[in-house]
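Student:
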Amino acid sequence: MTPLEIADIIGIISFALSGFLIAVHYKLDILGVFISAFLTALGGGMIRDVIANKTPYVLSDNLPIILVSSTLFLSFIFKLHKTTDLEGKTWFIISDAIGLVSFAITGALIGIKADFNFLGVLMLAFLTAVGGGTIRDILINKVPSILVSEFYGTVAIIVGLITYFLHLGGISSIVTLTITFIFGVTLRLLAFYKTWSLPKL
Numbered sequence: 610m611t612p613l614e615i616a617d618i619i620g621i622i623s624f625a626l627s628g629f630l631i632a633v634h635y636k637l638d639i640l641g642v643f644i645s646a647f648l649t650a651l652g653g654g655m656i657r658d659v660i661a662n663k664t665p666y667v668l669s670d671n672l673p674i675i676l677v678s679s680t681l682f683l684s685f686i687f688k689l690h691k692t693t694d695l696e697g698k699t700w701f702i703i704s705d706a707i708g709l710v711s712f713a714i715t716g717a718l719i720g721i722k723a724d725f726n727f728l729g730v731l732m733l734a735f736l737t738a739v740g741g742g743t744i745r746d747i748l749i750n751k752v753p754s755i756l757v758s759e760f761y762g763t764v765a766i767i768v769g770l771i772t773y774f775l776h777l778g779g780i781s782s783i784v785t786l787t788i789t790f791i792f793g794v795t796l797r798l799l800a801f802y803k804t805w806s807l808p809k810l
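Numbers in the numbering used here are just positions in the sequence shown, counted from 1, shifted up by 609.
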């Protein structure tokens, strides 16, 4: 299994969980929960694949659907929708951070594979990481996280930047990408809990 495939699987599972949790928080019905989870987990990847001139992964392989469905099933079984607000918030922040960084890496790797330039790689990393969540937020009438949340989109750009330069330096491997993943998740969690943010006008 390649680093791209591993990161994609982690991202899909993590974002499916975060989509589930935010749907429960906003008291959506069963259909709303499914739409939220599927959009969060697969929306960014579909945008990525269209830009990279590929058939969307979700339309050509059954694995993404299986991963999202399994995550939702296990979330119901373990009653994650019954957690307290504090527990739900913690689960959401962690799963969302993991999904954000995983998809930033997959977006950058696909951009590199498609011979995109520096800007193209960063754009693909960013859109893959935040695309699904942004569509979800708009549907539930919530201000998208990239516009207000602490270092949310910034983390995706930083991770995409690191992934690009690892490739440029010829040192992109499962080890260096794992280190990048850990760094990105840690940065996102620190930004959230320490309320770091970019300057506002």
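Idealized CB from N, CA, C, for every residue including glycine.
What whole-angstrom Cβ distance do residue 734 and residue 764 have, given they're in contact under 8 Å?
Tutor: Here residue 734 is taken as the residue at index 125 of the sequence shown, counted from 1. Here residue 764 is taken as the residue at index 155 of the sequence shown, counted from 1. Between residue 764 and residue 734 the Cβ distance is about 10 Å, and since that is not below 8 Å, they are no contact.
Student: Helix, strand or coil: how does DSSP classify residue 793 here?
Tutor: Here the question's residue 793 lines up with position 184 in the sequence shown. Three-state result, residue 793: helix.
Student: Judging by CA-CA distance, which residue of 776, 678, 660 and 622 is the nearest neighbour of residue 706?
Tutor: The count along the sequence shown starts at 1 and reaches residue 706 at position 97. For residue 706, the nearest C-alpha among the options comes from 622.
Student: Classify residue 780 as helix, strand or coil using the three-state DSSP reduction.
Tutor: Working through the sequence shown from its first residue, we reach residue 780 at position 171. Coil.
Student: Specify the secondary structure class of residue 666 as computed by DSSP and reduced to three states.
Tutor: Locating residue 666 in the sequence shown gives position 57, counting from the first residue. Looking at residue 666 - three-state DSSP - the assignment turns out to be helix.
Student: Given a cut-off of 8 Å, decide if residue 729 and residue 657 are closer than it, judged by their beta-carbon atoms.
Tutor: Counted from its first residue, the sequence shown places residue 657 at position 48. Counted from its first residue, the sequence shown places residue 729 at position 120. Not a contact, by the Cβ cut-off of 8 Å.
Student: Within the chosen definition, does the segment 707 to 727 reach the segment 676 to 684 through at least 3 CB pairs nearer than 8 Å?
Tutor: Short answer: they don't touch.
Student: Alpha carbon to alpha carbon, how far is residue 787 from residue 861? Give it in angstroms, no decimals.
Tutor: Residue 861 lies beyond the residue range present for the chain, which begins at 610 and ends at 810; the question has no answer from this structure.
Student: For residue 718 versus residue 772, is the C-beta spacing smaller than 8 Å?
Tutor: Here residue 718 corresponds to residue number 109 of the sequence shown, with the count starting at 1. Here residue 772 corresponds to residue number 163 of the sequence shown, with the count starting at 1. Yes. Within cutoff.
Student: Can you tell me the Cβ-Cβ gap for residue 652 and residue 741, rounded? I've got them flagged as a contact below 8 Å.
Tutor: Here residue 652 is taken as the residue at index 43 of the sequence shown, counted from 1. Here residue 741 is taken as the residue at index 132 of the sequence shown, counted from 1. That pair is a contact at about 3 Å.
Student: Residue 664: buried (16+ other C-beta within 10 angstroms of its C-beta) or exposed?
Tutor: Taking the sequence shown and counting its residues from 1, the one referred to as residue 664 is at position 55. Classification of residue 664: exposed, given that the 10 Å Cβ count is below 16.
Student: Assuming residue 744 and residue 648 form a contact by the criterion Cβ under 8 Å, report the distance between their Cβ atoms to the nearest whole angstrom.
Tutor: Translated into positions along the sequence shown, residue 744 becomes position 135. Translated into positions along the sequence shown, residue 648 becomes position 39. Indeed, because the Cβ distance is near 5 Å, the residues count as touching under 8 Å.
Student: Which residues bound the alpha helix (DSSP H) around residue 644?
Tutor: Here residue 644 refers to the residue found at position 35 of the sequence shown. It spans 639 to 660 - the alpha helix (DSSP H) in which residue 644 sits, taken as one unbroken run.
Student: Please classify residue 807: does DSSP put it in a helix, a strand, or coil?
Tutor: For the purposes of this step, residue 807 is taken as residue 198 along the sequence shown, with counting starting at 1. Three-state result, residue 807: coil.
Student: Enumerate, from N- to C-terminal direction, the unbroken alpha helix (DSSP H) stretches of 4 or more residues contained entirely within the segment 723 to 760.
Tutor: Listed in chain order, they are 727 to 748 and 754 to 757.
Student: Given this structure, state the Cα-to-Cα distance separating residue 695 from residue 688, to the nearest angstrom.
Tutor: Locating residue 695 in the sequence shown gives position 86, counting from the first residue. Locating residue 688 in the sequence shown gives position 79, counting from the first residue. At residue 695, the pLDDT of 44 sits below 50, so the modelled position is not reliable; the number obtained from the coordinates is stated separately. Answer to the nearest angstrom: the Cα atoms are 15 Å apart.
Student: Just confirm the distance between the C-beta atoms of residue 641 and residue 632, as a whole number of angstroms; I'd bet it's less than 8 Å.
Tutor: As a working mapping, residue 641 is identified with position 32 in the sequence shown. As a working mapping, residue 632 is identified with position 23 in the sequence shown. Confirmed, about 6 Å.
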